[in-house]
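Engineer: This is the structure, below, for whatever I ask next.
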Amino acid sequence: MTTDVTASAPTGASAIVFGAEVAQPPQHGKPGGIMRHLNFGTGLLTGIVMAAVAGWVTAALTPTSASNATFAPDEPEYVYLAVLIGWVIGFMLGMGAFVGPIRWLLGRDITHADAEYMAGKDLGVRRYFKFTTDHKVVGIQYLVVVMVILGFGGILAMLIRTELGVTWAEVFSPTFYNSIIGTHGIAMIIGMIVVMSGPVGNFIVPMMIGARDMAFPRLNALSLWLLVAAVVCLVSSMFVGGIQDGWSVYYPLAAQAPPGMLGYQLTIIVFAVSTAIASVNLMTTILTMRAKGMTWSRTPILVYGTFAASLMGLYAFPFFQYSQILGLTDRIWNTVFFNPVEGGSVWLYENLFWLLGHPEVYVILIPSMAVALEIMPVFLRRPLFSFNFAVAGIVGVVALSGLVWAHHMYMTGWAPAVNYPFMLSTEMISIPVGFLVLVAIGTFWRSTVWTRLPLMAIYAVVFNKMIGGVTGVYLSDVPADQYFHGSMFVVAHFHYMLMGAGLFGAMGGIAFFFPKMTGRILDERLGSIGLWTAFAGFQITFGSMFVAGLQGQPRRVLQFDDMFNISNWISTIGAYVIGLGMLIFLAAIVHSWRSGEIASSNPWGSKSLEWQTPTPVPLENFAVLPVVTERPYNYGVPDPYEAEMDKKDGDLTTVGQVGPR
Amino acid sequence: MSTQAPEVLSPTTGESMATVGRRNTLALWLLIVADAAGTIALLISYTYLWSLNVNGGWAPPGAKLTAVETNNDIPKHMQGSFAPEWPFWAILGIVILSTAAMWWAYRSGKAGFQTALVTGSVLSLLLMLAALIGQWVQISTFPFGPSDGAYASAVIVLCASNIFHMLIVIFLLTGMVNRSRRGLINQQNHYQAQATTYYMTWVSISVLLGALVTTFFVVSPNTDPAVFGSFKQMSSSSAEVSPAPSSSPSATPSASPSDKASGKASDKAASPSPSAS
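Listed in order, the protein sequences are those of chains A and B.
Using our numbering, read the first sequence as starting at 81 and increasing by one per residue.
Using our numbering, read the second sequence as starting at 57 and increasing by one per residue.
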């Protein structure tokens with residue numbers, strides 16, 4: 081390690097930090113202070129205690145018949161809300177999230193020794209159960225949390241398909257069915273938003289740009305544990321009536337929903353804070369901590385994708401968050417934002433919701449496409465077909481993503497005059513998305529293919545993305561949408577986009593970065609079986625769902641006409657096949673993590689910076705910060721255009737080299 | 057006082073504090089983008105409902121429109137029902153004074169005047185506390201409650217947003233006072249004061265935007281809104297609760313008008329909500 085605390089006196093101490101002697105603030109007690117005693121267990125305990133106390137106090141203070149809102153909440157609603165707030169604050173308190181701000185307030189600044197303790201130095205496995213700040217630990221924590229979220233959502237998906245497949249009987253009550261529909265939807269959306277930016281964005285991106293950590297390590301941990309706190313709120317909602325109005329929780333249904341709606345609202349409010357913090361952290365890291373020589377033309381495409389997703393999340397998520405804040409005040413505080421009788425408007429909700437709702441699709445898709453483009457040059461041993469077109473595609477998506485939201489509202493009757501402008505903008509966004517697909521296909525063109533598991537996932541991504549994209553063009557069309565709106569066709573379309581492109585891309589990303597993250601190779605045989613089984617199941621499920629949609633089957637409806645039976649039987653069989661494939665892939669991850677083949681530091685022969693670090697990656701990532709001297713994808717014969725651009729950069733060096741800062 | 061001092065390094069990363077400060081400032085601007093998006097969501101909500109006057113429900117009770125009126129010409133018979141305008145501007149004035157004090161403190165600290173840094177921070181904190189109290193008094197003296205129409209809801213939530221911002225600023229200023237008093241913020245390491253000042257500037261703009269809409273968008277321009285009647289909420293304890301729907305939709309008869317009107321009551325009867333038991 082590069083640190084040597086040369087004195088431990090309260091004042092006048094100094095430490096050697098990455099080769100420089102740095103004056104240290106007074107050290108209060110042992111390094112880490114109270115953080116030494118805080119971990120996931122104390123977080124759980126404090127969260128449960130504060131939830132119980134908040135609920136008890138609220139129950140004692142709230143009049144029994146506190147029902148004066150238009151859609152009146154009763155006493156249990158206030159109690160449930162208090163329990164949720166108590167849980168979130170207590171959990172974060174018990175994890176140690178407030179220690180940093182309080183120390184700052186008191187003027188007890190963190191020393192280098194404190195920072196190293198909080199980064200998990202010498203803590204072994206315990207660091208994964210603490211408010212650890214090292215970006216690699218946070219990346220692993222994100223990976224586990226995301227797998228839990230997606231697993232939870234996946235189980236709910238199996239229940240949905242079971243209900244729809246067993247057409248001769250009613251498996252669940254209508255209210256419970258509605259509840260699992262809504263909870264599945266929002267759980268999967270949350271999981272997919274963080275599936276790339278969480279594990280890969282945190283673990284890989286700082287190393288990929290040649291940084292020692294994220295710009296704000298404590299904010300990094302904060303964003304993760306806020307996500308955990310939020311997900312508990314979501315799961316709890318299932319015990320108090322659930323989310324019965326789909327993941328979009330339109331009004332007035334949401335106003336009439338059982339108390340589970342509060343769980344949804346608080347989940348989104350907390351998750352939006354987590355997302356904003358994570359976005360700011362990632363963007364600042366990328367903008368200010370890239371290695372010397374890493375110009376924008378030398379910045380890997382995955383970094384662009386992560387940056388773009390963060391930017392979209394940053395400006396769009398607050399609209400979603402405030403839609404839920406206003407819904408919460410309507411419910412608890414008797415405001416009337418979404419109550420048309422008293423002067424509110426349900427269209428206001430729909431606008432606020434979709435102002436995030438559509439950019440969110442790209443928050444999921446762009447990192448997934450970017451990781452696909454990151455993987456391809458490595459396994460095809462050639463530069464990206466056109467780096468600049470890929471960047472243009474990402475920029476175009478970001479620019480247009482905020483201008484397409486109302487295509488979700490064609491059929492609601494809101495402002496019919498703007499339907500056609502939104503149709504135009506929605507169809508326009510297929511152009512930059514098309515850039516990304518074309519760059520992928522162009523990179524495949526006449527290349528030497530080294531087919532390994534990560535690349536297999538990219539085959540799946542490109543295939544699914546094209547089907548999802550083409551069917552999306554039909555849905556963006558106002559006349560066609562009149563028929564398709566609210567049908568299973570829509571469900572199949574967005575699953576092709578979010579799952580087919582998003583999740584399969586994430587599987588490729590995990591397979592690709594697995595050796596760096598765990599020090600072991602992901603079992604190719606088991607992983608491939610899982611991947612292709614899930615892929616086959618995916619086509620069966622959602623291909624059949626397209627047919628059901630074309631026949632006119634409405635979504636979110638428990639019972640349907642007999643004419644849709646065959647499509648639904650097939651979809652349900654396909655869903656079980658997906659589940660089987662995902663279980664096999666999960667088994668591959670668990671098995672490989674425990675006892676897989678030991679990976680070298682750069683098993684794929686990649687040229688980007690994260691692979692130039694040792695495995696396992698040391699705490700400081702790089703002993704000496706690297707200097708970048710070439711573009712990231714200069715494999716094989718140089719592309720003449722890329723070579724020309726390198727000339728313009730005044731640098732034709734072909735070997736990236738590390739050196740002193 | 058502006059002598060060149062040796063470069064201060066971050067105790068945790070070993071980087072120059074100037075580098076860390078610039079990074080923090082960038083992050084702050086990005087956070088302000090997110091914060092601003094939230095404020096814009098509130099302003100959109102306000103102006104959207106103001107422009108539509110859905111069901112004639114924009115104005116608080118007693119201020120329903122009877123004729124075509126313009127935005128800046130509130131008739132006398134309606135003046136008592138909307139919020140008085142001057143408190144919005146008074147609170148904005150205090151917030152701006154607080155921000156100005158912090159600007160002065162920051163610039164003084166940067167120039168090496170440590171006493172002025174401390175004094176300005178204290179003054180700024182006191183002014184922001186006054187603004188917070190003023191905001192609280194304003195909310196508690198509105199001539200309406202949150203359920204008295206869309207205007208009332210929107211104004212109260214805008215003011216609540218101001219309180220949220222003020223609480224953050226008070227936290228930051230408390231830290232400023234303590235840290236500048238201890239010398240942790242000084243001429244060489246003034247970046248936290250700078251970030252606080254920038255954030256306060258944004259908060260001032262946010263309060264200004266709120267004051268502008270609550271002053272100039274008061275009476276809805278939609279004087280002939282579509283009116284679709286009223287709605288009588290049936291409490292869950294009402295004796296006229298409609299029958300609970302069957303657990304099987306196939307066995308559920310088509311909803312009668314009374315079923316639809318009963319809204320939550322019937323819904324709750326079917327839900328596992330504790331109130332239904």
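Here a beta-carbon is modelled for each residue, glycine too, at the ideal position from N, C-alpha and C.
1. In chain order, what residues of the stretch 344-375 of chain A put their CB closer than 7 Å to some CB of chain B?
2. Checking contacts by CB at 8 Å: is Gln401/A closer than that to chain B?
3. Using only the alpha-carbon positions, how far apart do Gly219/A and Leu302/A sit?
4. Report the rounded CA-to-CA distance for Ser425/A versus Asn419/A, giving the unit in angstroms.
5. Using a threshold of 8 Å, state whether the C-beta atoms of Leu406/A and Phe417/A are closer than that.
6. What is the DSSP secondary structure of Ser310/B, counted as helix, strand or coil?
7. How about Phe387/A: is its C-beta nearer than 8 Å to some C-beta of chain B?
8. What in chain B is Cβ-close to Ser30/A, meaning under 8 Å?
9. Which residues in the same chain have their Cβ closer than 7 Å to the Cβ of Leu148/B, if we skip the five residues on either side of it in sequence?
10. Under 9 Å Cβ-Cβ, which residues of chain B neighbour Ile190/A?
11. Assuming Val151/B is part of the alpha helix (DSSP H), what are its boundary residues?
12. Since Ala90/B meets chain C, which of its residues come closer than 8 Å, beta carbon to beta carbon?
13. Which chain B residues are close to Gly187/A, counting only those with a beta carbon under 7 Å from its beta carbon?
14. Taking Cβ-Cβ distances shorter than 8 Å, what residues in chain A pair up with Ser180/B?
15. Are three or more beta carbon pairs between the stretch 219-228 of chain B and the stretch 105-116 of chain B nearer than 8 Å?
16. Counting only beta-carbon atoms, is Ser317/A nearer than 8 Å to chain B?
17. For Glu63/B, which of helix, strand or coil comes out of DSSP?
18. Are the stretch 588-606 of chain A and the stretch 546-555 of chain A in contact at 8 Å, needing three or more beta carbon pairs?
19. For a test of the three-state rule: what should DSSP assign to Ala79/A, helix, strand or coil?
20. If the cut is a Cβ gap below 7 Å, which residues of chain B does Ala497/A touch?
21. Quick check: is the beta carbon of Thr415/A nearer than 8 Å to any beta carbon in chain B?
22. Pull up the CB-CB distance for Gly599/A and Pro696/A, whole angstroms please, since I reckon it's below 8 Å.
23. Only counting runs of 3 or more residues, tell me where the beta strand (DSSP E) segments fall wholly within the stretch 621-669 of chain A, in order along the chain.
24. Can you give, in chain order, each stretch of the alpha helix (DSSP H) that sits fully within the stretch 507-573 of chain A and has at least 4 residues?
25. Along the stretch 277-309 of chain A, what residues have a CB closer than 7 Å to any CB found in chain B?
26. Just to confirm, is the Cβ distance from Val308/A to Trp167/A under 8 Å?
27. Reducing DSSP to helix, strand and coil, say where Val274/B ends up.
28. Within a Cβ cutoff of 7 Å, which residues of the same chain sit near Thr257/B, ignoring the five residues on either side of it in sequence?
29. Could you name each continuous alpha helix (DSSP H) segment of 4 residues or more that falls completely within the stretch 294-320 of chain A, going from the start of the chain to the end?
30. With 7 Å as the limit, tell me which residues of the stretch 412-436 of chain A have their beta carbon closer than that to any beta carbon of chain B; keep them in chain order.
31. For Ala100/A and chain B, any beta-carbon pair shorter than 8 Å?
32. Quick one: residues in its chain with C-beta nearer than 6 Å to the C-beta of Leu179/B, no 5 flanking neighbours on either side, listed in chain order?
33. Who pairs with Lys372/A in a beta bridge, going by DSSP?
34. Identify whether Ala115/B lies in helix, strand or coil by the three-state DSSP scheme.
35. Got a sec: which bits of the stretch 248-274 of chain B sit with their beta carbon under 9 Å from any beta carbon on chain A, in order along the chain?
36. Quick one: Cα of Pro299/B to Cα of Pro254/A, how far?
Structural biologist: Put simply:
1. Ala356, Val360, Met363, Thr364, Leu367, Thr368
2. yes
3. 13 Å
4. 6 Å
5. yes
6. Here Ser310/B scores only 37 on pLDDT, less than 50, and its place in the model should not be relied on; the value that follows carries that caveat. Here Ser310/B sits in coil by DSSP.
7. no
8. There is no way to answer for residue 30/A, as the model of chain A reaches only from 81 to 741.
9. Val263, Leu264, Ala267
10. Pro67, Thr68
11. 142-167
12. Going by chain labels, chain C is absent from the structure shown, which instead holds the protein chains A and B.
13. Asn234, Arg235, Arg238, Leu240
14. Under the 8 Å cutoff, chain A gives no residues; its nearest Cβ is about 16 Å from Ser180/B.
15. no
16. no
17. coil
18. no
19. For residue 79/A there is no data in the structure shown, the boundaries of chain A being 81 and 741.
20. Those within 7 Å of Ala497/A in chain B number zero; the least Cβ separation is about 15 Å.
21. yes
22. 5 Å
23. none
24. 533-556, 558-564
25. Ala295, Phe296
26. no
27. coil
28. Thr155
29. 297-317
30. Trp413, Asn414, Thr415, Val416, Phe417, Pro420, Val421, Glu422, Gly423, Gly424, Ser425, Leu428, Leu432
31. yes
32. Ala157
33. Val707/A
34. coil
35. Gln248
36. Residue placement at Pro299/B is flagged as unreliable, the pLDDT there being 43, under the threshold of 50; a coordinate-derived value is accordingly withheld.
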